[in-house]
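Protein chains in written order, with numbering that gives the first Met the number 0: chain X, 0 to 261; chain R, 0 to 345.
Scroll down for the structure; my scribbles are underneath it.
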Amino acid sequence: MLNRKNKTLTIISLIILALIMLPLVLVVITSFNNQSSISLPITGFTLSWYSNIFQQPDFITGFESSLLVALIASFLALIIGIPAVYALTRYNLQHAAWFQSFFLSSTLIPEIVIGFALYQTAVITFKMPVFISLIIGHFLLCLPYVIRLITASMLMMDSHIEEASWVCGCSPKKAFFLIVLPNIKSSIIAAFMMCFINSFNNIPISLFMNGPSLTMLPPAILNYLQNNYDPTVSAISVVLMVFTALMMFLVEKVIGISNITK
Amino acid sequence: MANLEVKNLAKSYDGKTKVLQDISFTIENGELVSILGPSGCGKTTTLRIIAGLIQETAGQILVNGKDITKTPVYKRNFGMVFQSYALFPHLSVFDNVAFGLKMHKLSKQEINEKVSGILEMTGLSDLASQFPAQLSGGQQQRVSLARALVTNPEMLLMDEPLSNLDAKLRLKMREEIRKLQQEMKMTVLFVTHDQQECFAISDKVLIMNQGRIEQFDRPENIFHHPRTEYVARFIGYDNFIPVNADNRQDSYHIAVKGTRLTTEENNENAKVLTIRPENIQLNADSTENTLTGTITGREYLGQSFKYTIHSELGDFQVEEARQKMRSSGDEVKLTLRAKHLHPLSE
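Right, here's the structure in full:
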């Protein structure tokens, strides 16, 4: 069944997959090492680095605030992004293309610049709470994913099904919830995942708002790494990997990955 | 079901280009009326304005004498079948059909009864729990029809409902639609670009061109008495003889370039005479309404032959059922029988 072209493709794919996975595998291995620095080969097996995660208050509070910020920012991006996409795709708006580019423009600016600009204006000039500024920054990070993914599935959806529901006696407002949302459900979930993962893992924006009042997990890990080069970092990396994998698994169980990428 | 009256409907998107102008017609209770025309003639726009999906620029729409022009689409109580069927992909066949009833807040029991009834009528009972993606085109079409009928609408609007089906199924479905329409005494407005389809199922046909009504009449009247040159061309009258006032001898006689032609219809205001290719006889035993010509082109149509014949009055298209094909260059006598020769004033 496999012809030569397919074989070559398989081999190349496997090499690329190995290149991606190898560093991760190494991180997993080093997290069990009984040496007090991240090194290979390992000389013994221990779980103490995992228990050490819980000795670091920055990691615990960082995880909590990162989770909270990621959830709020993702929801906010969906709540603002979905109606925006609906308007852009369904109504013949003037300057629709311009708006579309505007919503995607935050991807063009380096995140570190967004972080710095936000710190300057929101925190320093307008004295906004750090948490709110952080939400705004992460929202800016998330919005393009919502716009991109949901625009694609709105354009794929037959606009006649909405009209059919109106003729059936459904008001346009009701039809948005009964007809439109269920039919773009998978792209909403996909967009949410992209938002959540990107926000949760973000360093550049979080770095500027990081401080004694609020710790985010990725900057906390970075900070820990600068002071202690021990396998606790490997251990928390493994925990985060398992966390992400678990999320993917749940989504797969609930709606199926194939439905998302469709 | 109800009767529909459309008065002076007009539509323009930019205030300059008129997509529709002066559209007025009435559909009586229980009639099936088709709008026929080429793409871009405004037929779908007319249907969508009646449905309430597009806003008209001017004009009125009345159902049973009641003005519904300002009524929003979801309060008009029409049924509509779309070209793409437009079934709700996330709902089962049952829920697709039940959707309109739920919107009208019927009790669960009533919904069950009505949906089961209409599914049985359209032969879909076994598919109730299936989803649209699992159905064939014909089945989807039926679901779409069931969904449109279940709410007992004032009238049914169909936008090219058969054009996505293959030829065989199209014939079957159009028979079914006609049967259902007559059984339920439905008022139907049917949009199509297929002349045969439209003549086969309609009580009346409305022919549109460039946003205007060309003719609105019973199919047989349109076929035998096209009102304008456009209609004549559209339904297969291939031969046109331009005439003017100087050619007229009296109300029933015209002389063009030495050929004297008699018509059964009054030729007053005639600008052109027209005749169908199959109504011209070759070398017939007649001296009235005849002229001679030379065969310059031939085509085999299966049941018949089609000739292009050059004559003093221009080229004629003639269809003749015959065992043997005539040769190119043959001189023939054409007979244009008076009863088939129609004078047109536009």
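Idealized CB from N, CA, C, for every residue including glycine.
CB contact check: residue i to chain B, cutoff 8 angstroms
| i | result |
| --- | --- |
| I131 of chain X | No chain B is present in this structure, whose protein chains are X and R. |
Top-ranked residue by Cα proximity to residue i, from the options
| i | options | result |
| --- | --- | --- |
| I41 of chain X | X:N33, X:A174 and X:W48 | X:N33 |
| A57 of chain R | R:L100, R:L35 and R:L8 | R:L8 |
| A72 of chain X | X:P211, X:L249 and X:I204 | X:I204 |
| K6 of chain R | R:Y12, R:T16, R:D13 and R:D21 | R:D21 |
| V92 of chain R | R:A337, R:I48, R:L179 and R:Q140 | R:Q140 |
| R187 of chain R | R:G78, R:I240 and R:H223 | In the sequence on display, residue 187 of chain R carries Val and not Arg. The shortest C-alpha separation from V187 of chain R is found at R:G78. |
| M247 of chain X | X:S236, X:L221 and X:M193 | X:M193 |
| H309 of chain R | R:D249, R:I240 and R:A145 | R:I240 |
| P22 of chain X | X:F242, X:V237, X:I160 and X:W48 | X:V237 |
| V331 of chain R | R:T68, R:Q209, R:R75 and R:T307 | R:T307 |
| Q194 of chain R | R:M154, R:I221, R:P131 and R:G51 | R:I221 |
| F74 of chain X | X:Y228, X:V26 and X:I188 | X:I188 |
| L52 of chain R | X:S170, X:W97, X:Q225 and X:G61 | X:S170 |
| P217 of chain X | X:Y228, X:P230 and X:I235 | X:I235 |
| T227 of chain R | R:D245, R:L205, R:R247 and R:A320 | R:L205 |
| M183 of chain R | R:F24, R:S162 and R:A145 | R:A145 |
Cβ-based neighbour list, residue i, same chain, cut-off 6 angstroms, excluding 5 preceding and 5 following
| i | result |
| --- | --- |
| L117 of chain X | S132 and G136 |
| A76 of chain X | F138, C141, L142, V145 and C194 |
| G210 of chain R | K17, V18, L19, Q20 and G41 |
| L107 of chain X | none |
| E311 of chain R | K256 |
Cβ neighbours of residue i in the same chain (closer than 7 angstroms, five flanking residues each side left out)
| i | result |
| --- | --- |
| S152 of chain X | I183 and S186 |
| F115 of chain X | F207 |
| G137 of chain R | L164, L168 and M172 |
| M0 of chain X | Its pLDDT being 49, under 50, M0 of chain X is placed unreliably in this model, and the coordinates cannot settle the point. |
| E27 of chain R | N2 |
| Q180 of chain R | L31 and V187 |
| E277 of chain R | E318 |
Bridge partner(s) assigned by DSSP for residue i
| i | result |
| --- | --- |
| S310 of chain R | R:G292 and R:G313 |
| N32 of chain X | X:F44 |
| F215 of chain R | R:L205 |
| V255 of chain R | R:T258 |
| M157 of chain R | R:V80 and R:F189 |
| Q280 of chain R | R:T334 |
| V271 of chain R | R:P241 and R:L343 |
| L8 of chain R | R:I22 |
| Q3 of chain R | For clarity, residue 3 of chain R is Leu in the given sequence; the question names Gln instead. Answer is R:I26 and R:V62. |
| F304 of chain R | R:Y299 and R:E319 |
Per-residue DSSP class, three states only, for residue i
| i | result |
| --- | --- |
| T243 of chain X | helix |
| T16 of chain R | coil |
| E27 of chain R | coil |
| G78 of chain R | strand |
| A50 of chain R | helix |
| D346 of chain R | Residue 346 of chain R lies beyond the range of chain R shown here (0 to 345); nothing can be said about it. |
| E330 of chain R | strand |
| D66 of chain R | strand |
| S170 of chain X | coil |
| I234 of chain R | coil |
| K101 of chain R | helix |
| I10 of chain X | helix |
| I34 of chain R | strand |
| M324 of chain R | coil |
| G137 of chain R | helix |
| N209 of chain X | coil |
| E119 of chain R | helix |
| G210 of chain R | coil |
| R3 of chain X | helix |
| K126 of chain X | coil |
Residue i: first and last residue of the uninterrupted alpha helix (DSSP H) it sits in
| i | result |
| --- | --- |
| H137 of chain X | V129 to M155 |
| T150 of chain R | That residue, T150 of chain R, is in no alpha helix (DSSP H); it is neither H nor E in DSSP. |
| E182 of chain R | A166 to M183 |
| C40 of chain R | From DSSP, C40 of chain R is part of no alpha helix (DSSP H); its letter is neither H nor E. |
| A96 of chain X | A95 to L103 |
| A189 of chain X | K184 to N200 |
| N222 of chain X | L216 to N226 |
| E196 of chain R | Q194 to I200 |
| V179 of chain X | Careful: V179 of chain X lies outside any alpha helix (DSSP H) and carries neither H nor E. |
Proximal residues to residue i (C-beta, below 8 angstroms), its chain only, five neighbours per side dropped
| i | result |
| --- | --- |
| T150 of chain X | V84, L87, T88 and Q99 |
| D329 of chain R | T293 and I294 |
| H103 of chain R | T150 |
Beta strand (DSSP E) segment containing residue i, residue limits
| i | result |
| --- | --- |
| A57 of chain R | A57 to V62 |
| L123 of chain R | No beta strand (DSSP E) holds L123 of chain R; DSSP gives it neither H nor E. |
| R89 of chain X | Counting along the chain, R89 of chain X falls outside any beta strand (DSSP E), though it belongs to the alpha helix (DSSP H) covering P56 to R89. |
| D249 of chain R | R247 to D249 |
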